[in-house]
Amino acid sequence: MTQMTGGELLLKCLKAEGVSTIFGLLDGSHNSFLTKLQAYDMRFVSARHEAAAAHMAEAWARIRGEPGVVIGGIGPGAANMVSGIATAYAEGSPVIAITGQRRRTIIDPDRGGAFQVLDLVDFYRPVTKFAAGLRDWRRLPELLRKAYRMATSGRPGPVYIEIPEDLLRGTGDDADAPIYAPDTYRVGRLGPGDPALLAKAAALLAGSKRPLLHAGSGVTWAGAAPAFNALGEHLAAVMTTTLAARGVVPEDHPQYIHILNQDALAAARGEADVVLVVGARLGELDAWGKPPLWGQAEGATLIHVDADPASIGLNRPVDVGIVGDAQAALAALLAQVQAQTAPRPLHDGFARYGRATAQLQAQLAQALRPGRQGINSGQMVKAVREFFSRDSIMVQDGGNTSLWCASYHPIYGPRSYLYTAKFGHLGTGLPYAIGAKLAAPERPVYLISGDGAIGFNIQELETARRHGAPIIVIVAVDEGWGMERSSQMMAQMPAFVETELSPGIRYDQIAAAFGCHGEMVTSLDGLQPALARAAAADRPTLIQVMVDPEINMAPPGLLEFGSLVYRATD
C-alpha cells in the first residue's frame, strides 16, 4: 500500500494504457504529476496554445493508431483546448482530453464569483463521446477505463475528464484505486461480424460484374488497407476512398479513382452492380451516397461494413449491413470470395473511366501555366511531392492550398496524410506535423500550408524546435485569404473585402527568430534546392514560397468541391 497524489495516480493509470507522451500546456495544478514524469518514463510536450496541443495529440493518434493524450489547465486553458477536441470529434480520432478544475468546495455547487470557474463537463459534452468530472480520488482509474473504452469503441472519438485541483494534489492509498490492464476490461477489436451476413456479402461480391469498393477512415484505423486492396484487386473492382481515407489505396493504382475525378466517379458508381462501403458514413463530401455522383439506390446492391452500428445505412439504405472490424471482415470476405471466383481481369468500363481520368489529367497539366506574379501553386505542390519519398507523412492546411494539394499531391499509403477533412479547421497543420514527427521520428514529415492558415499557430515552431522535431514547413504565400478571394469573386462582389494580408511578411524570418531554419523561394527552380537544404538541417525549417495570387484563386477542383458543399438540394 502506497500513498500517492492524484497526479501520480493519473500517471500510473496512463502508464498502464501504454502512454509514453502527453501533450498539453503547463498549469500550476499539474505540478503533482509533472514532478513524477521521470519516475514513469513519461514525456510531457508543452505547446504554446492548448488547442495546438490537442491537435498534436490527435496527430499522434492518427499516425500511431492509438489514443493520444492531452492535458489542459483550469478555466481558460480548458476553454482554449476545446476547438482541438472539436476537430478530433469531427475527424473521429481517439483523444483522451483531461483538464484541471477548481477545488470541489467551490464548484459543487458553484458558489458564484469564483475565479476561473466554468462548467467544463457541459462545455465538452457536445464535442466528445463521453464527458465526466472526477469527484472521488478513488474513482480516477474507473473513469479513465471508461474514457478509453468509449474513445476506442465503435467510431473512435475524443473523451473528456475534469479533475479538480484538490484531487490532483490530494493523496490516497493506491490500494483503494485498483488499475487494470487494458485487455482485462475492454475489447481490443471486434470480430468480422455475423457469419451469415458475411457469407451473403461474399456471394454478392463473387457474383458481381462491376463491383466498387469504397473506403472510409475506419479502414485506416483498423489497419485494413492491405486487405481492402487485395479484395479489390481480386475482383478487379473500382476502388475509391473518402477524402479522410486518402492513401488507403495508392493513388497511382490502376483501379483507383480520385475523389475529385467526378466524371469518372459518377460513371463508375452509376454502373456498379455491387458496392461495398467499409468504415465510411457516406457523408456530405461523399454526396450523401446519392445521385448524381452515385447511382440510384435501386440500381446497385449496397454492402456496408462498419464498427459502429449507428453509421450503417446512415445516409443511404443498405442491402447487407455488417457490424464488425474492418480488418477482420475484409479478411473473411477475401477468403470467401477467393473460394468462389478466380481473379478477374479489368472490365471494359475501366477504359471509359481511364479516358475521363486522362481528360482530367490534361486539364491539370494545362493549369500549370507559369505565374506572372509568383510561382504557380500547382507547380509548387508537384515539386514538393517529387522531392519526398512515398512513405513520408504529408500534412496539409489551408483553403485553396488544400485544393491544390488534392490535385497535385498523390498519397501512396495509409497513415501518410493528415488533414482535417471533415471539419476543415484552419491552423491544424503545424501542430499536426509536430505531433506526427514525435509519433514517427524515423519518417520525414512535411506540411504544405497557406499563409492565412500558418498564422493560426506559427508560434508552435518554437515547440518543434524545443522538442527536436525537424519538420519541413512549406508556406504558399499569396498575401491574402485565397479561398475567400475565390468566394467573393464568384459572388461577383465589386471589390474584395478584408481578403488582403499585409504585404512583405517574412514568415521565413519569423521561423529563424524561433531558432528554426528559414528560406524564401521566389522561383520554381529554387524550390527543390531549398528542400534539400531543409532535409539536411538539424532543426525545423520553414520555406516561404511566393505564389501567384491570381492563379491561386482558381485551383482545380474548386467548383467540384463547391458543388459538394453548396448543393442546392440534399
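Numbering follows our numbering, in which position 206 of the sequence shown is assigned residue number 210; successive positions increment by one, without gaps.
Backbone N, C-alpha and C fix where the C-beta goes; we use that ideal spot for every residue, glycine too.
Between the stretch 393-404 and the stretch 442-457, the count of Cβ pairs shorter than 8 Å is three or higher; the stretches touch. Between the alpha carbons of Ala61 and Ala92 lies a gap of roughly 9 Å. Look at the stretch 206-237 and you find these whole runs of beta strand (DSSP E), each 3 residues long or longer: 215-219. Gly303 sits in a helix when the DSSP states are folded into three classes. Asp401 and Gln7 have their C-alpha atoms some 47 Å from each other. Annotation note: the stretch 432-463 contains the following uninterrupted beta strand (DSSP E) runs of length 3 or greater, listed N- to C-terminal: 449-454.
For the pair Gly197 and Val281, the CB atoms are not nearer than the 7 Å cut-off.
An exposed status is given to Pro199, since fewer than 16 other beta-carbon atoms sit within 10 Å of its beta-carbon. In this chain, the alpha helix (DSSP H) harbouring Ile514 covers 511-517.
According to DSSP, residue pairing for Gly77 in a beta bridge does not occur. For the 7 Å CB-CB criterion, Ala240 and Thr345 do not form a contact. Taking C-beta atoms under 8 Å as the contact rule, Tyr412 and Lys386 qualify, at a distance of about 5 Å.
Non-local C-beta neighbours of Thr526 in its own chain, meaning closer than 6 Å and more than five positions away in sequence, comprise Met550, ordered along the chain. For Arg106, the CB contacts under 7 Å within the same chain, skipping 5 residues up- and downstream, are Ile78, Ala118, Gln120, Val121, Pro168, Glu169 in chain order.
Burial check for Arg47: the Cβ neighbour count within 10 Å stays below 16, so the residue is exposed. In the pairwise beta carbon analysis, the stretch 553-566 is classified as touching the stretch 471-485: at least three pairs are separated by under 8 Å. Within its own chain, the residues whose Cβ lies closer than 7 Å to the Cβ of Glu464, once the five positions on either side in sequence are excluded, are Ala51, Arg52, Ala56, Leu434, Pro435, Ile438, listed in chain order. Of the other Cβ atoms in all chains shown, 16 or more fall within 10 Å of the Cβ of Tyr357; this residue is therefore buried.
Beta-bridge annotation (DSSP): Ser50 is paired with Gly28. Within the same chain, no Cβ atom closer than 6 Å to the Cβ of Gly459 is found once the five residues on either side in sequence are excluded. With the rule of 3 Cβ pairs closer than 8 Å, the stretch 330-347 counts as touching the stretch 182-197. With 16 or more other CB atoms across the displayed protein chains lying within 10 angstroms of its CB, Glu54 is buried.
Residue state for Gly358 is assigned as helix, using DSSP reduced to three classes.
Contiguous beta strand (DSSP E) elements confined to the stretch 312-351 occur at 324-327, taking only those with 3 or more residues. When Cβ pairs closer than 8 Å are counted between the two stretches, the stretch 11-19 is seen to touch the stretch 177-188, the count reaching three or more. Using a Cβ-Cβ distance cut-off of 8 Å, the stretch 150-159 and the stretch 130-138 are in contact, since at least three pairs of beta carbons, one from each stretch, lie closer than that value.
Exclusion of the five residues before and after Arg320 leaves Leu286, Trp292, Gly293, Lys294, Trp298, Ala301, Leu306 as the residues of its chain whose Cβ lies within less than 8 Å of its Cβ. Judged by beta-carbon spacing, Ile67 lies within the 7 Å limit of Ala443, meaning their Cβ atoms are closer than that value. For Pro553, the enclosing alpha helix (DSSP H) covers residues 553-556. Rounded to whole angstroms, the gap between the alpha carbons of Thr156 and Thr224 is 14 Å. One alpha carbon belongs to Cys520, the other to Ile478, and they sit about 13 Å apart. If you draw a straight line from the Cα of Ser420 to the Cα of Glu70, it is about 15 Å long. Under the three-state reduction of DSSP output, Glu488 falls in the helix class.
Here DSSP, grouped into helix, strand and coil, assigns Met550 to strand.
The beta-carbon distance between Thr432 and Ile476, rounded to whole angstroms, is 17 Å. This is too long to meet the 8 Å contact definition.
For Pro145, the secondary structure class from DSSP, reduced to helix, strand or coil, is helix.
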